[in-house]
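For the sequence shown, the positions run 9 to 153 when the working numbering is used.
Even for Gly, the Cβ is constructed at its ideal location relative to N, Cα and C.
Keep in mind the model is a prediction, meaning the values are calculated, not measured.
The block underneath contains the structure these notes are about, expressed in structure tokens.
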Amino acid sequence: MTVGRICTREVDLVDAYESVQIAAERMNARNVGTLVVLDEESHPTGMITDRDLALRVVAKGRDPIQTLVSEIMTQFPYNVTEETSIEIALSKMRAGGFRRLPVVDAAGKLIGVVSLDDILELLCSEFTEIGNLIRKESPESLAQS
Numbered sequence: 009m010t011v012g013r014i015c016t017r018e019v020d021l022v023d024a025y026e027s028v029q030i031a032a033e034r035m036n037a038r039n040v041g042t043l044v045v046l047d048e049e050s051h052p053t054g055m056i057t058d059r060d061l062a063l064r065v066v067a068k069g070r071d072p073i074q075t076l077v078s079e080i081m082t083q084f085p086y087n088v089t090e091e092t093s094i095e096i097a098l099s100k101m102r103a104g105g106f107r108r109l110p111v112v113d114a115a116g117k118l119i120g121v122v123s124l125d126d127i128l129e130l131l132c133s134e135f136t137e138i139g140n141l142i143r144k145e146s147p148e149s150l151a152q153s
């Protein structure tokens with residue numbers, strides 16, 4: 009299975025030079041906890057989460073109006089493509105301690121985000137299907153056939 013089948017294509021964005029106040033307001037208005045930061049060519053350069061706001065701004069007593077997204081965002085050392093396998097994506101998440109990775113096209117431009125939750129949802133669905141098959145093939149159900 010590839011990342012392209014499960015990634016989220018509608019991604020909320022923020023500019024690196026906007027204040028974290030603007031980022032927080034955007035998260036609130038769109039009911040999301042993550043915003044992706046792009047460069048001028050639509051390449052993902054970082055991400056800011058509600059957790060970043062709490063730990064890197066509020067907990068440190070920083071002024072959200074004066075603090076820029078670029079100062080607290082998590083920078084991406086890894087991207088994945090639509091063709092990247094789920095296993096490789098998970099490996100990159102574990103290596104970097106990330107819960108989300110940007111999905112890019114051949115030119116490196118953002119086309120989506122894959123999250124650990126996306127992968128877990130897929131695995132749960134597959135385990136449910138396996139469970140249904142096992143129940144269908146159980147001795148009791150075979151005896152009733």
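Selected residue, minimal CA-CA separation from residue 117, among 85, 24 and 48: If you number the sequence shown from 1, residue 117 lands on position 109. Of 85, 24 and 48, the residue nearest in Cα terms is 48.
Distance CB(residue 197)-CB(residue 60) smaller than 7 Å: Since the first residue shown for the chain is 9 and the last is 153, residue 197 is missing from the structure and cannot be characterised.
Residue 93, DSSP secondary structure in three states: As a first step, residue 93 is located in the sequence shown; it is residue number 85 there, counting from the start. The answer is strand: DSSP assigns residue 93 an E or B state.
Same chain, Cβ closer than 7 Å to residue 15, five either side skipped, listed in chain order: Start at 1 with the first residue of the sequence shown, and residue 15 comes out as number 7. Excluding residues within five positions, the ones whose Cβ falls inside 7 Å are 111, 120, 121, 122 and 126.
Residues of its chain near residue 85, where Cβ-Cβ distance is below 8 Å and the 5 sequence neighbours each way are ignored: Within the sequence shown, numbered from 1, the residue matching residue 85 stands at position 77. The answer, listed in chain order, is 104.
When 13, 28, 55 and 64 are compared against residue 109, the one with the closest alpha-carbon: Taking the sequence shown and counting its residues from 1, one reaches residue 109 at position 101. Per the Cα distances, 55.
Residues near residue 91 by beta carbon distance below 8 Å, same chain, minus five either side: By one-based count along the sequence shown, residue 91 stands at place 83. Closer than 8 Å at the Cβ level, and outside the excluded window around residue 91, lie 10, 11 and 12.
CB of residue 21 within 7 Å of CB of residue 44, strictly: In the sequence shown, residue 21 corresponds to position 13, counting from 1. In the sequence shown, residue 44 corresponds to position 36, counting from 1. Yes, the pair counts as a contact, with Cβ atoms nearer than the cut-off.
Candidates 25, 64 and 37: closest to residue 53 by CA position: Here residue 53 refers to the residue found at position 45 of the sequence shown. When each option's Cα is compared against that of residue 53, the closest is 25.
Segment limits, beta strand (DSSP E) that includes residue 123: Within the sequence shown, residue 123 is the residue found at index 115, counting from 1. Residue 123 -> beta strand (DSSP E) spans 118 to 123.
Inter-residue spacing [alpha-carbon to alpha-carbon] between residue 62 and residue 106: Mapped onto the sequence shown, residue 62 falls at position 54. Mapped onto the sequence shown, residue 106 falls at position 98. When rounded, the distance between both Cα atoms is 17 Å.
Whole runs of the beta strand (DSSP E) within the stretch 29 to 66, excluding any shorter than 3 residues: Those beta strand (DSSP E) runs which fall completely within the stretch 29 to 66 and span 3+ residues are 42 to 46 and 52 to 57.
Contacting residues, own chain, Cβ-Cβ under 7 Å from residue 58 (five flanking each side not counted): In the sequence shown, the residue the question calls residue 58 occupies position 50. Excluding residues within five positions, the ones whose Cβ falls inside 7 Å are 35 and 41.
Pair within 7 Å by beta-carbon distance, residue 28 and residue 75: The residue you call residue 28 lines up with position 20 of the sequence shown. The residue you call residue 75 lines up with position 67 of the sequence shown. Yes. Within cutoff.
Nearest residue (CA-CA) to residue 128, options 46, 94 and 114: Taking the sequence shown and counting its residues from 1, one reaches residue 128 at position 120. If we check each option's Cα against that of residue 128, 94 comes out closest.
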